[in-house]
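J.: Would you mind keeping the following structure in view while I ask a few things?
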Amino acid sequence: MELKNKVALITGGGTGLGREIALQLAAEGMDVGINYSRSRQDAEEAAAEVRKHGVKAATFQANVGNTAEIRSMLEQVDRTFGRLDLLINNAGTTHFIPFPDLEAVTEEIWDELMDVNARSAFFAAKAAVPIMRRSGGGQIINTSSIAGLAPAGSSLPYSVSKAAMIHLTRCLSVALAPDIRVNTVAPGFLHTRWAANWSEEQILRNAERALLQRHTGIEDAAAVYTMLAKNESITGQVITIDAGLLNRV
Numbered sequence: 001m002e003l004k005n006k007v008a009l010i011t012g013g014g015t016g017l018g019r020e021i022a023l024q025l026a027a028e029g030m031d032v033g034i035n036y037s038r039s040r041q042d043a044e045e046a047a048a049e050v051r052k053h054g055v056k057a058a059t060f061q062a063n064v065g066n067t068a069e070i071r072s073m074l075e076q077v078d079r080t081f082g083r084l085d086l087l088i089n090n091a092g093t094t095h096f097i098p099f100p101d102l103e104a105v106t107e108e109i110w111d112e113l114m115d116v117n118a119r120s121a122f123f124a125a126k127a128a129v130p131i132m133r134r135s136g137g138g139q140i141i142n143t144s145s146i147a148g149l150a151p152a153g154s155s156l157p158y159s160v161s162k163a164a165m166i167h168l169t170r171c172l173s174v175a176l177a178p179d180i181r182v183n184t185v186a187p188g189f190l191h192t193r194w195a196a197n198w199s200e201e202q203i204l205r206n207a208e209r210a211l212l213q214r215h216t217g218i219e220d221a222a223a224v225y226t227m228l229a230k231n232e233s234i235t236g237q238v239i240t241i242d243a244g245l246l247n248r249v
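Structure (structure tokens):
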């Protein structure tokens, strides 16, 4: 897909991986909508950086764990840009809980992680599809994790929610073909704010476990989304970028 003069919406687009994706898409000529839940300043700063590429940017506040807010956000995107070509379901959340500690996983924690990490992607896609089809179609890229491919990650419900995201991607690719492509990216450990709960020793040990002896680069991970956005022959796929960490999980 030619990206110039097209429109992307990135949930969780104000920080970390989402922000880098926004900047790379802007460099390709895309107008970018940046969703945030609480970090308005970060989102506005990201939008300002996006505009330096000579494209349009707008921020949209919504808790993607709330279906009504998702619908409202997509309506705002439509009013602001008049079209939508690329939806990136990147927003995510977690709780750091050892896998064996089942008692620590409350119903509230389970529901929160499933709502934000998996359920939101379905309802965002549902709201986005009619807008995309007015312009001839589009594509959806979901952010999963290698924790969705193996029992790993910050907690058991996080791992399950990311596995759900992967299967949702495959199901949507069937449901929305042929005019809308759907793929997912499964990054390894990204040294972002999520690492705030990790000690320096844990972070170093994690890097040493990867085959490439390093963490997954943020810019490298974001480049996968740009590649998928351009490539018109890929759908229903899980693209892993993890510096070889999954092979050691």
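Using my numbering, the first residue of the sequence shown is number 1, and each one after it goes up by one.
Cβ atoms here follow ideal geometry from the backbone N, Cα and C, with glycine treated the same way.
Remember, predicted model here, so these are calculated numbers, not experimental data.
Got a sec? Which residues, its chain only, sit under 7 angstroms from glycine 14 by beta carbon, not counting five neighbours each side?
T.: Residue mapping note: residue 14 aligns to position 14 of the sequence shown, counting from 1. Ile34, Tyr36, Ser39, Asp42, Ala43, Ala46, listed in sequence order.
J.: May I have the straight-line CA-CA distance separating histidine 53 from leucine 228, to the nearest angstrom?
T.: Reading the sequence shown from its first residue, position 53 is the one you call residue 53. Reading the sequence shown from its first residue, position 228 is the one you call residue 228. Those two C-alpha atoms are separated by around 21 angstroms.
J.: Work out the CA separation of leucine 156 and proline 187 for me, nearest whole Å.
T.: Position 187 of the sequence shown, counting from 1, holds the residue named residue 187. Position 156 of the sequence shown, counting from 1, holds the residue named residue 156. Looking at the two C-alpha atoms, the distance is approximately 17 angstroms.
J.: Using 8 angstroms as the threshold, is the C-beta distance between asparagine 85 and serine 161 below it?
T.: Locating residue 85 in the sequence shown gives position 85, counting from the first residue. Locating residue 161 in the sequence shown gives position 161, counting from the first residue. Residue identity differs from the one stated: residue 85 is aspartate in this sequence, not asparagine. No, the Cβ-Cβ distance between aspartate 85 and serine 161 is not below 8 angstroms.
J.: Note the first and the last residue of the continuous alpha helix (DSSP H) segment covering proline 130.
T.: Here residue 130 is taken as the residue at index 130 of the sequence shown, counted from 1. Element bounds for proline 130: 120-134.
J.: Is it right to say aspartate 31 is buried, meaning 16 or more other beta carbons lie within 10 angstroms of its own, or is it exposed?
T.: Within the sequence shown, the letter at position 31 stands for residue 31. Answer is buried; the Cβ neighbour count reaches 16.
J.: How would you label glutamate 208, buried or exposed, when you count the other beta carbons within 10 angstroms and need 16 or more for buried?
T.: Against the sequence shown, residue 208 aligns to sequence position 208. Burial call: exposed.
J.: Helix, strand or coil for asparagine 63? Go by DSSP, reduced to three states.
T.: Locating residue 63 in the sequence shown gives position 63, where the first residue counts as 1. DSSP places asparagine 63 in coil when its eight states are reduced to three.
J.: Which runs of the beta strand (DSSP E) at least 3 residues long sit entirely within the region 153-192? Give them in chain order.
T.: List check, beta strand (DSSP E) in window: 180-187.
J.: Kindly indicate which three-state DSSP category threonine 15 falls into: helix, strand or coil?
T.: Start at 1 with the first residue of the sequence shown, and residue 15 comes out as number 15. Looking at threonine 15 - three-state DSSP - the assignment turns out to be coil, as it is neither helix nor strand.
J.: For the region 209-221 against the region 7-21, do three or more pairs of beta-carbon atoms, one drawn from each stretch, fall closer than 8 angstroms, so that the two count as touching?
T.: Touching, per the Cβ criterion.
J.: Give the list of continuous alpha helix (DSSP H) stretches no shorter than 4 residues that lie fully inside the region 214-244.
T.: As far as the region 214-244 is concerned, its whole alpha helix (DSSP H) runs of at least 4 residues are 218-230.
J.: Cβ of methionine 165 within 8 angstroms of Cβ of glycine 153?
T.: Taking the first residue of the sequence shown as 1, we reach residue 165 at position 165. Taking the first residue of the sequence shown as 1, we reach residue 153 at position 153. Result no, Cβ atoms of methionine 165 and glycine 153 do not sit closer than 8 angstroms.
J.: Relative to the alpha-carbon of glutamine 237, which residue among Ala150, Leu211, Asn183 has its alpha-carbon at the smallest distance?
T.: If you number the sequence shown from 1, residue 237 lands on position 237. Among Ala150, Leu211, Asn183, the Cα nearest to that of glutamine 237 is on Asn183.
J.: Taking Cβ to Cβ, would you say alanine 150 is nearer than 8 angstroms to leucine 246?
T.: As a first step, residue 150 is located in the sequence shown; it is residue number 150 there, counting from the start. As a first step, residue 246 is located in the sequence shown; it is residue number 246 there, counting from the start. Their beta carbons are under 8 angstroms apart, which means alanine 150 touches leucine 246 by this criterion.
J.: For aspartate 31, name the three-state secondary structure that DSSP assigns.
T.: Translated into positions along the sequence shown, residue 31 becomes position 31. Reduced to three states, the DSSP call for aspartate 31 is strand.
J.: Under the rule that 16 or more other beta-carbon atoms within 10 Å means buried, what is glutamine 24, buried or exposed?
T.: As a first step, residue 24 is located in the sequence shown; it is residue number 24 there, counting from the start. By the neighbour-count rule (16 or more Cβ atoms within 10 Å), glutamine 24 is buried.
J.: Can you tell which of Val50, Tyr225, Arg214 has the C-alpha that lies nearest to the C-alpha of glutamine 139?
T.: Translated into positions along the sequence shown, residue 139 becomes position 139. For glutamine 139, the nearest C-alpha among the options comes from Tyr225.
J.: List the whole-angstrom C-beta distance separating glycine 137 from isoleucine 180, where the pair is believed to meet the contact cut-off of C-beta under 8 angstroms.
T.: What you label residue 137 is simply residue 137 of the sequence shown in a count that begins at 1. What you label residue 180 is simply residue 180 of the sequence shown in a count that begins at 1. Confirmed, Cβ separation roughly 5 angstroms.
J.: Classify glycine 148 as helix, strand or coil using the three-state DSSP reduction.
T.: Here residue 148 is taken as the residue at index 148 of the sequence shown, counted from 1. Reduced to three states, the DSSP call for glycine 148 is helix.
J.: Please report the straight-line C-alpha distance between arginine 248 and serine 72, rounded to a whole angstrom.
T.: Walking along the sequence shown from the start, residue 248 turns up at place 248. Walking along the sequence shown from the start, residue 72 turns up at place 72. Spanning the two alpha carbons is a distance of roughly 42 angstroms.
J.: Taking just the CA atoms, how far does aspartate 111 sit from leucine 102?
T.: In the sequence shown, counting from the first residue as 1, residue 102 sits at position 102. In the sequence shown, counting from the first residue as 1, residue 111 sits at position 111. Roughly 15 angstroms separates the two Cα atoms.
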